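Quick notes on the structure that follows.
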Amino acid sequence: MNRLLQFMGTVVVFILLLLGVNLYLSHSSGAATSDTLTIYNWGDYIDPDLITEFEEESGLKVVYETFDSNEAMYTKVQQGGTKYDIVVPSEYMIERMIDEDLLHPLDYAQIEGMEHLVPEFLDLSFDPGNQYSVPYFWGTLGLIYNDKLIEEGSITSWADLWNPEYSDRLMLIDGAREILGLTLQSLGYSLNTKDLNELAEAEAKLSELAPNVKAIVADEIKMYMIEEEAPIAVTFSGEAADMMWENENLHYVLPEEGSNLWFDSIVIPKTAQNISGAHEFISFMLRPENAALNAEYIDYSSPNQTAIEEFIDEEVVSDEQFYPNLADVEHLEVYKNLGLEYIGIYNDIFLKFKMK
Amino acid sequence: MTEKMKWSKLYLFFVFILLYTPIFYLILFSFNEGGTMNHFTGFTLEHYSTVLQDSRLIQIVVQTLLLALLSSLISSIIGTLGAIGIYYVKNVRTQEVLLNANNILLVSPDVIIGSSFLLLFTIVGFQLGFVSVLLAHIAFSIPIVVLMVLPSLEEINPSMLKAAEDLGANGFQILWHVILPNILPGILSGFFMAFTYSLDDFAVTFFVTGNGFTTLAVEIYSRARRGVSLEINALSALLFIASLLLVLGYYYLSIYSRRMKKVKRGVAE
Amino acid sequence: MNKKSTQSTMLFPYVLWLALFVFAPLLLLIYQSLLNIDGQFTIENIVTYFTSATYITMTIQSFIFAGFITAVTLLVSYPAAYVLTRTEHKELWRMLLILPTWINILLKAYAFIGILSQSGPVNEFLETIGIGHQQILFTNFSFILVATYIELPFMMMPIMNAINEIDPSLIKASHDLGANEWETLRNIIIPLSMNGVRSGIQAVFIPSLSLFMLTRLIGGNRVITLGTAIEQHFLVTQNWGMGSTIGIVLVVLMFIVMKLTNNTPTRKRGGR
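First to last, the sequence lines map onto chains A, B and C.
With this note's numbering, the residue at position 314 of the first sequence is 314, and numbering never jumps.
With this note's numbering, the residue at position 144 of the second sequence is 1144, and numbering never jumps.
With this note's numbering, the residue at position 262 of the third sequence is 2262, and numbering never jumps.
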């Protein structure tokens, strides 16, 4: 029986060793203060230097937790096992969280720097008057194609996806709202429609797209496009910027028919413990130099006008695909929270499409 | 015979090549100057220095390993005892029910396990954090331990147990001196499978974690939207090399000590 | 009655686990499956499931794929496990078998994407030997290959253990009686390692029914399994009722598989 004891002993020794290291690490990293600010954000979605700087400036210790989807984040916040002070959801989820009374209204007396934001990005339908949210990053949904495989300039609209030439060449993002939304827009309807006739029409149109589809994937679409696994893909502008950075043959197109305008915004959940710290953090992130640093780290489009004009690299900002002149683009629609019933209907249509 | 052995060795070699190809691929690209895992553009150690400077990531690794070791140790103990218990149950129907119940968590997708554990913890008012994650990991690791231990148990020669009983050994003695030594390979397999489950789990951990506790898997998955950087490759390479050295070291140490004992006792096998 | 009491102490933590982490969540699951999205009691979920062509096709697909993955894994594993048990240093080999499973599965999937992609090493190799570029990703082949890769250790372990535990004197006796390698394998080793094979099948088939990440990552959502549907319902449509219903269907399917593989430990009283 010696071997079993020996083995268990070794395991226990390792456990104790790790406990020691962990204790050492949490002591050496944690400032003496016990005041913390708990941030819940997408993984790798903030420049870590900014966190360090904020900790030094405010004297707060930042606890940083990450999520990988809005819905998973929602479940956690709603169940309330952890008290998050700052969360960064997307706009349709913010609307839902407001409806369900999960968010703490912002106190503008404690926030500095709202004037830096692009005016068009304030007071939108998902949060009238920005009572609950401050934009963090924004972008559009569009097409990306590889000019080695597709002639440059030959793709300009959603309707081009249905071109029979592209049989088995499209890569789609795995999202019912996105794919059904672009189909609706290509038909001239709103991507927030609750009209069942329009949806039925979109369903029929969508099924015609099936022969062109090579794969329906999620975040890995970035890898696939860089590897030139497919010539055309539907993707978000932020992802597209990353792809183009890695592969210079790729081009992003904002379709003629319009697109989805998305936001990730900072909110404070009702369960937050450190309300004043949260406001302090929002002001910190609104400072143009910080917003610029963050935008350069993440490569997404910043909503901070001053940062765009004064701090971010001119070459980046002048790119019309990522910083379009908002007045020029028609039908940029923001997702509305459709309610669970319609989310179900959208997803059923999409699931049937995927099964084809 | 030797011809046959050669072929079988060759086959084994291929299986292991298959097992290790993606790992070596990962490690190779941890030295890639470019940012992705496709085209190797040049050699760099930059990703390694990023890892070593990232104290948050290092702490996550330490917490992940701590969690995995603790949960697999505890689940091995509970699972092994449970498997022996099941084996001893006289009634065949009860035994069947227990076995079916054992496999329910294996068949349930992680999201279901995660969300229902989250509901359970919040209903009871349990604070989310290291302990809740530990409990969840123990919970989903137990069935795999049972599954690994049972076949070993079934191979024990019942006459051996009978003999021990006749010699007046009590339940504990039989367990300690007869059963456990015979099922050791099963227990070890169970332990390592539990360790694997714990390291790999994302969905369950995600739901039941809180208050700053994160594991490596959660961190990696939540980075997917922005693209998993080669820093993670470098980290995995370091962990892989470390565990490889550990395994080799442990193995040679145990061979060495066994040989020493044999020499001392003058036992020849 | 000493033995009896040791036995119940041994089972106690296990039964406690069953109650808290298996039966309680199972009850919760059943309760949820009876709720619609508005939180009202209904049986509409189960009705939807059985009347929807989508779900039925999906179930059949999941079954076929899980079966296929299990069969391929078994075919690859059994000979490998058999050879492994005959080598020296089998403890070391066992550890080397487990080691790859400690690397995050998402990373390994990404590595496979790199390896199998149009510009990856496999295609480059095919190009140089004159076969030319092939579409490997998003095919059933690549999906089954990667799934097999992931499941391989879970199948090999129990089989190795089972073969290991076979009394060497039996094999020796078989040889002494003039049986060759193959006959010994067929008549002694395979029948006596069936317990390990059963464990392996359960450890692979059951989780394969609910694979979801690989179906998207490697399969490009060309294959949709029940796992995908459950994930959708829990994380996208937030229709936990429907998700739970499919979860229960999975549990029931699992019972059927268990019945088929007939895993009741049979005591071989003096059988040897």
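The beta carbon of each residue, even a glycine, is placed where N, CA and C say it ideally should be.
Values in this document were obtained by computation on a predicted structure and should not be read as measured data.
Residue i - DSSP class collapsed to helix/strand/coil
i       : result
A:L250  : strand
A:Q321  : coil
A:A215  : strand
A:K61   : strand
B:G1114 : helix
A:G139  : strand
A:S133  : strand
A:M73   : helix
B:Y1250 : helix
A:L209  : helix
A:S90   : strand
A:N304  : strand
A:Y145  : strand
A:V329  : coil
A:A204  : helix
A:A32   : With a pLDDT of 45 at A:A32, under the threshold of 50, the modelled position of this residue cannot be trusted; read the value that follows with caution. In this structure, A:A32 counts as coil in the three-state DSSP scheme.
B:F1043 : strand
B:N1233 : helix
A:L103  : strand
Distance CB(residue i)-CB(residue j) smaller than 7 Å
i       : j       : result
C:V2257 : C:T2073 : no
C:V2223 : C:F2138 : no
A:P231  : A:Y145  : yes
A:L102  : A:K336  : no
C:M2156 : C:A2081 : yes
B:F1191 : B:S1076 : yes
B:Y1025 : C:I2115 : yes
A:I226  : A:M244  : no
A:E95   : A:Q185  : no
A:S237  : A:F322  : yes
C:N2036 : B:P1151 : no
C:I2069 : C:S2208 : yes
A:F268  : A:H27   : Note on residue identity: the sequence assigns Ile, not Phe, to residue 268 of chain A. For A:I268 and A:H27, no; Cβs fall outside 7 Å.
Candidates the options, of which the one nearest residue i by Cα
i       : options                            : result
B:A1068 : A:V12, A:S283, A:D35               : A:V12
A:E289  : A:D49, A:S318, A:V267              : A:D49
B:W1176 : A:L351, A:N2, A:K354               : A:N2
C:L2099 : B:M1260, B:A1242, B:S1257, B:I1255 : B:A1242
A:L250  : A:E256, A:E239, A:I15              : A:E239
B:S1236 : B:F1043, B:L1057, B:L1135          : B:L1057
A:F353  : A:E280, A:A218, A:D313, A:L209     : A:L209
A:S133  : A:S301, A:S283, A:L326, A:E309     : A:S283
A:S207  : A:N247, A:L161, A:A233             : A:L161
B:F1213 : B:F1013, B:V1061, B:Y1251, B:I1123 : B:V1061
B:V1124 : C:S2052, C:A2024, C:G2132, C:T2184 : C:A2024
C:W2093 : B:S1189, B:R1259, B:L1199, B:T1196 : B:S1189
A:A8    : B:Y1250, B:V1263, B:K1261          : Note on identity: in this sequence residue 8 of chain A is Met, with Ala being the wrong assignment. Closest by alpha carbon: B:Y1250.
Start-to-end residues for the beta strand (DSSP E) that takes in residue i
i       : result
A:F263  : 259-267
A:N41   : 36-42
B:V1228 : Element bounds for B:V1228: n/a, residue is neither H nor E.
C:I2056 : Where C:I2056 is concerned, there is no enclosing beta strand (DSSP E), although the alpha helix (DSSP H) it sits in stretches over 2053-2085.
Continuous alpha helix (DSSP H) stretch holding residue i: start and end
i       : result
B:G1190 : 1180-1200
C:L2027 : 2024-2033
A:L170  : Counting along the chain, A:L170 falls outside any alpha helix (DSSP H), though it belongs to the beta strand (DSSP E) covering 170-173.
A:V234  : Per DSSP, A:V234 belongs to no alpha helix (DSSP H); it is in the beta strand (DSSP E), 232-236.
B:N1091 : Counting along the chain, B:N1091 falls outside any alpha helix (DSSP H), and DSSP gives it neither H nor E.
B:V1131 : 1130-1154
C:L2185 : Counting along the chain, C:L2185 falls outside any alpha helix (DSSP H), and DSSP gives it neither H nor E.
Anticipated Cβ contact below 8 Å, residue i with residue j, distance rounded
i       : j       : result
B:F1117 : B:V1247 : 32 Å between Cβ atoms; not a contact.
B:S1008 : A:W42   : Wrong, their Cβ atoms sit about 49 Å apart, outside the cutoff.
B:D1054 : B:D1201 : No, B:D1054 and B:D1201 are not in contact; Cβ-Cβ is about 22 Å, not under 8 Å.
A:V217  : A:Y224  : 7 Å
B:S1030 : B:L1230 : 6 Å
B:F1140 : B:L1098 : Their Cβ separation, rounded to whole angstroms, is 17 Å, which puts B:F1140 and B:L1098 out of contact at 8 Å.
B:P1022 : C:F2112 : 6 Å
C:Q2134 : C:L2126 : 6 Å
C:S2210 : B:V1204 : In fact, because the Cβ distance is near 13 Å, the residues do not count as touching under 8 Å.
Contact with chain F by residue i, beta-carbon distance below 7 Å
i       : result
B:V1146 : Absent here is chain F; the protein component of the structure consists of chains A, B and C.
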